[in-house]
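Worksheet for the structure shown next.
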Amino acid sequence: IGWSKAFCTAGDNSILFDSLSAIPVFEAQKFFDKEVYQTDRFSLFIPEVELLTSTGDFNSANYAFKGSAILKNGHLQVTRDKNIKRKENDIKPTLQEVLKSSPLFMELDSLVIESFKISYGEIAENEKLYGIVSFDSLDAVISNLKSGKICNGNLTIDAQALFMNEGNLKAH
Numbered sequence: 073i074g075w076s077k078a079f080c081t082a083g084d085n086s087i088l089f090d091s092l093s094a095i096p097v098f099e100a101q102k103f104f105d106k107e108v109y110q111t112d113r114f115s116l117f118i119p120e121v122e123l124l125t126s127t128g129d130f131n132s133a134n135y136a137f138k139g140s141a142i143l144k145n146g147h148l149q150v151t152r153d154k155n156i157k158r159k160e161n162d163i164k165p166t167l168q169e170v171l172k173s174s175p176l177f178m179e180l181d182s183l184v185i186e187s188f189k190i191s192y193g194e195i196a197e198n199e200k201l202y203g204i205v206s207f208d209s210l211d212a213v214i215s216n217l218k219s220g221k222i223c224n225g226n227l228t229i230d231a232q233a234l235f236m237n238e239g240n241l242k243a244h
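Mapping of the sequence shown onto our numbering: residues 73 to 244, in sequence order.
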C-alpha cells in the first residue's frame with residue numbers, strides 16, 4: 073500500500089492521504105514464481121482518504137487507529153478466473169475472520185464511503201472472455217468496524233449504489 077502525498081493538519085486531529093492505492097502481494101514476481109497463477113486478483117485506488125480521531129493519538133498502546141474514516145471517489149476491481157481450479161481446501165476467509173485475526177487494533181465508529189465504484193469481472197469455465205458487473209456511485213456508512221482482539225459486536229452497513237450504472241440498489 074502506498075500514497076503519493078500525505079497531509080497532516082495539526083489541531084483538528086485529522087490526516088488526509090492523497091491518492092492511496094493498494095497493490096496486493098500476489099502481484100509480486102516472487103509470488104508468481106511460487107504459485108504460477110492466481111485465480112483471484114484485485115486492485116484498489118482511493119484518491120482521497122481522511123482519518124479522523126477524537127484523541128489525536130493515531131498509535132497508542134492499544135490501537136493502531138481509533139476514530140472514523142472517509143474514503144472518496146475510489147475504485148475496487150476484482151477479477152476471478154474459473155478456468156483454473158483452486159487448490160483443494162482453498163477457502164477464502166470472511167471479512168469477520170480477517171478482522172479478528174488482524175495484528176492491528178482498529179476501532180472505527182464509522183467508515184464513510186463516498187462516490188465509489190466496484191467492478192467484478194469473471195472468466196467463466198471454458199471461456200476466454202469475461203463478463204463484468206459494476207456498482208457505481210456507491211455511497212455507504214459502515215459502523216462498529218473493529219479488528220484484532222477488540223473485534224466484537226455487530227458491524228452494520230447502510231449503502232446505496234447504481235447497479236450497472238442504471239438500477240438503484242439499496243442495502244441495509
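By construction, the Cβ of each residue, glycine as well, lies at the ideal position given by its N, Cα and C atoms. As the structure is a computational prediction, the values presented were derived from the model and not from experiment.
Buried or exposed by the 16-neighbour rule on C-beta atoms within 10 Å, applied to residue i
i, result
"LEU176", "exposed"
"PHE235", "exposed"
"ILE185", "buried"
"GLY146", "buried"
Which listed residue (the options) has its alpha carbon closest to that of residue i
i, options, result
"LYS138", "LYS218, GLU169, PHE207", "LYS218"
"MET178", "LYS221, GLY239, GLU238, ASN226", "LYS221"
Beta carbon of residue i nearer than 8 angstroms to that of residue j
i, j, result
"GLY149", "SER187", "One point to set straight first is that residue 149 is Gln, not Gly, in the sequence displayed. Contact: no."
"LEU180", "SER140", "yes"
"LEU167", "ILE190", "no"
"ASP208", "ALA243", "no"
"THR151", "GLY193", "yes"
"SER215", "SER182", "yes"
"ILE142", "GLU122", "yes"
Cα-Cα separation between residue i and residue j, rounded to whole angstroms
i, j, result
"ASN224", "ASN198", "42 angstroms"
"GLU99", "PHE117", "Below a pLDDT of 50, predicted positions are generally treated as unreliable, and GLU99, at 45, falls in that range; no measurement from the model is reported."
"GLU120", "ALA212", "15 angstroms"
"ASN163", "GLU169", "Inspection of the sequence shows that residue 163 is occupied by Ile rather than by Asn. The straight-line gap from Cα to Cα measures roughly 12 angstroms."
"ALA196", "ALA231", "29 angstroms"
"SER173", "ASP112", "21 angstroms"
"ILE204", "PRO165", "23 angstroms"
"LYS144", "LEU241", "19 angstroms"
Contact test: residue i Cβ vs the ligand MG heavy atom, cutoff 7 angstroms
i, result
"ASN145", "With respect to the ligand MG, the structure shown offers nothing to examine, as it has no ligands at all."
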